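Asks: All the letters of the sequence shown, read from the start, carry residue numbers 3 to 261 under this note's numbering. Note that CB positions come from ideal geometry on N, CA and C, so glycine has one too. What you are looking at is a predicted structure, and each value in this text was computed from that prediction instead of being measured. Sharing a structure, written as structure tokens. Questions coming.
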Amino acid sequence: MSSRRRSSRVGARLKRGGRAVGLCLAIGLLGYFSGMAAGTGAVGHLSVLGYSTETVDEIGLSVAFNVVGAGGTALSYLIIRRNGFDRAFAVDFLRIRRPNWWDLAWIFLGLVGAFVVLVGYQQIVDLIEPLGGSEGTTHSGIEAGREYPALLLLGIPLALLLTGPGEELLFRGVLQSRLKETFPTVVAVGLTGLVFGAIHLPVYAGTEPSAVIVSLGTVTTLGLYFGTLYELSGTLVVPALIHGCFNATVYLTNYLTYA
């Protein structure tokens, strides 16, 4: 094979990879901004109707963000790609199936593993300067819940029913599956984890850059973990339920601590 032909193939491969990454970044950003817009609109309407309280606003924001932002963006991609909703394609592309006993084992062990990964990550951070000893900044939702503990209890069903399934549908189901069509599995998992971490930047924005970096590293590491579980289990149900149970456990422990 001539060097010109090899260069041409490498260039085409890089171009195809660049398009895939750009598309996934655009989808991720669309999910975030459409969710924020829908959440802001929902909270505004609730306020006009006279239902504006911390708890009600949190419900409106969470439902709008996950249903419209995550779910709506994922569904829009599936519809646009097939020029209409193709149920068989969506099920196959997203790798959705009825859970079996092995999946339940994956979910239990995977949830335990998520906290092991979290502890391991923090131990590594403690060894790195200038990040050593940093615990990161608090998620804005957890921070609000510490001030209004009822929000933490409210966050448990929302995490199980909306946040876990919604975020996994968009990031692992759509973005990782799309990247896997262009890149090797390991690269697709890594790129999706990076996008997942970057999209969470607004909720961790704080005054200490090192704390923000640590927090984004936590989210990215968990994103890599969820992506790995998605590939190993072969079904979106596993990371969706583990993600939801993980968030719900965090809400519960914060409630028991700060209520």
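Could you tell me which of E183, A39, V205, P151 sits nearest to G20, measuring between CA atoms?
Replies: Residue E183 is the option with its Cα nearest to G20.
Asks: Could you spell out where the alpha helix (DSSP H) holding T187 opens and where it closes?
Replies: Taken as a continuous stretch (DSSP letters only), the alpha helix (DSSP H) holding T187 covers 187-201.
Asks: Assuming A190 and L203 form a contact by the criterion Cβ under 8 Å, report the distance between their Cβ atoms to the nearest whole angstrom.
Replies: With 8 Å as the limit, A190 and L203 do not qualify as a contact, their Cβ atoms being about 22 Å apart.
Asks: Apart from the five residues on each side of it in sequence, which residues of its chain come closer than 6 Å, Cβ to Cβ, to P241?
Replies: For P241, where only same-chain residues beyond five positions count, the Cβ hits under 6 Å are E170, R174, F228, L231, Y232.
Asks: From G43 to S49, what distance separates their C-alpha atoms?
Replies: Roughly 10 Å between the two C-alpha positions.
Asks: Can you list, in chain order, the residues of its chain with a C-beta nearer than 7 Å to that of F87? Leave out the 5 residues immediately preceding and following it.
Replies: Excluding sequence neighbours, F87 sits near L80, I81.
Asks: Excluding sequence positions up to five away, which residues of its chain have a Cβ less than 8 Å from the Cβ of S36?
Replies: V70, G71, G74, T75.
Asks: Cutting at 8 Å between CB atoms, please list the residues of its own chain near V221, excluding the five before and the five after it.
Replies: Answer for V221: F198, G199, H202, Y206, listed in chain order.
Asks: Are the stretch 100-113 and the stretch 242-249 touching, with three or more C-beta to C-beta distances below 8 Å?
Replies: In short, these stretches touch, since the Cβ pair count reaches three.
Asks: Am I right that I225 and R97 are in contact with their C-beta atoms under 8 Å? What's the rounded C-beta distance?
Replies: Correcting the residue type first, residue 225 is Gly in the shown sequence and not Ile. G225 to R97, Cβ: 17 Å. No contact.
Asks: Taking C-alpha atoms, which residue in L238, L177, L218, V188 lies nearest to P167?
Replies: Of the listed residues, the one whose Cα sits closest to P167 is L238.
Asks: Flag this pair as yes or no: are the beta carbons of L154 and Y253 separated by less than 7 Å?
Replies: Yes, Cβ-Cβ distance for L154 and Y253 is below 7 Å.
Asks: So L63 and G41 are in contact, right, with Cβ under 8 Å, and what is the actual spacing, rounded?
Replies: Right, the Cβ-Cβ distance comes to about 4 Å (below 8 Å), so this counts as a contact.
Asks: How far does the alpha helix (DSSP H) with F117 in it extend, from its first residue to its last?
Replies: Looking at the DSSP string, the run of the alpha helix (DSSP H) that includes F117 is 103-129.
Asks: Between F91 and R84, is the Cβ-Cβ spacing less than 7 Å?
Replies: For F91 and R84, yes; Cβs fall inside 7 Å.
Asks: When we look at the beta-carbon of Q178 and count the other beta-carbons within 10 Å, is it buried (16 or more) or exposed?
Replies: That one is buried.
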